Each structure stands twice: as structure tokens, then as C-alpha cells.
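Read the structure below first, then the notes.
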Amino acid sequence: MDQRTIRSFNGLYRINVLRELLINDDNTAESVTTFYKRISLRDCCYMAAASWESVKQTTLRNSWNKVPGGSESGADGDRDNGMEIEEIARMLRSISIYGEWLGCDSEDQDFQMMNDEEIVESLTWRKTKKSRARRKQGRRLSLRIMLPLNT
């Protein structure tokens, strides 16, 4: 990350900590030590998040422009997101594989299309299979109850 971005974030974080310190009613030396005892990690995280959101967009854009392979001019940073989306859509339409990629699931054989009769048949078959299993289990239970124990 660019040093300007880090320096900006650190400065904004220090400002937020100082702001929290000065919000206290009394500004004595004792209140500074109690402030640092009172502040929690959660408070620090919230201040860091607020500081990061306060970093200017131009600072972040300039730091990305310095990354190898990034654009050196600021013209790319000024492009509208809508223009980028339109450009991507135009490029996808020009690729012939795009249509194949979108339609790859159209002939998927992992599922079976069933008509109403087949659905009803499937459900009744499952229902009869379950009832048979229950009846069989009930017979086993009744046989156990009827058989005398060997004593």
C-alpha cells in the first residue's frame, strides 16, 4: 500500500482518538490515563473503521495507480461504473463461447422431468413402502410380546 494512504489513515485515527478523549467533561491529566484504561478493543476497531472510511477516494485511487500494471493517468479513475459494465457486457456478447456458457445447463441430465401421473405414482409408491415397513415392524414387535421368556 502507498505510504500516503497509510499516513492518511494513521492521522485520521489519531484525530478520532483525540476527539474521543476531548469529548470527556474534565480535561485533567488523570482523565487521560483513565481514558486509556476505559477504552476497549471494540472502541478502537470502531475508530479504525471510521478512520478508514474518512480516507479520501482520490488518495486510494492514486495509491492503486502506483501498483505495477495500474494506469498512471487519473483518467481511468474518473470512468463511470455504468460505462465499465456496458463495456464488459459488449465484450461478453462478442465472445462466441458466451452463449455456450449460458446455455450449458439447458440439457443437463441430472434431473428427470416427470408428468403429473409419474409424480403421483412416485409418491404413492413411497407411501406404500413406508406403510409396509411399519406393518412389518409392528408384526415383529407383536411376536416379541407374544413369545414367552425362557426362565
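Just so you know, we're using this note's numbering here: the sequence shown kicks off at 4 and counts up by one.
Every residue gets a Cβ at the ideal spot worked out from N, C-alpha and C, and that includes glycine.
Given the structure is predicted, the values throughout are model-derived calculations rather than measurements.
Here DSSP, grouped into helix, strand and coil, assigns Ile122 to helix.
Going by DSSP, Ile42 is part of no alpha helix (DSSP H) at all; its letter is neither H nor E. When C-beta atoms of the region 32 to 47 are compared with those of the region 56 to 67, fewer than three pairs fall below 8 Å, so the two segments do not count as touching. For Val20, the uninterrupted alpha helix (DSSP H) segment begins and ends at Gln6 to Ile26. In the three-state DSSP reduction, Lys59 falls in the coil class, being neither helix nor strand.
The residue among Ile42, Gly14 and Arg10 with its C-alpha nearest the C-alpha of Glu23 is Ile42.
As the crow flies, the alpha-carbon of Tyr39 is around 51 Å from that of Glu89. Note on geometry: alpha-carbon atoms of Arg135 and Arg129 lie some 10 Å from one another.
A distance below 8 Å separates the beta carbons of Ala51 and Tyr16. When secondary structure is reduced to three states using DSSP, Lys132 falls in the helix class. DSSP places Met117 in the coil class of the three-state scheme, outside both helix and strand.
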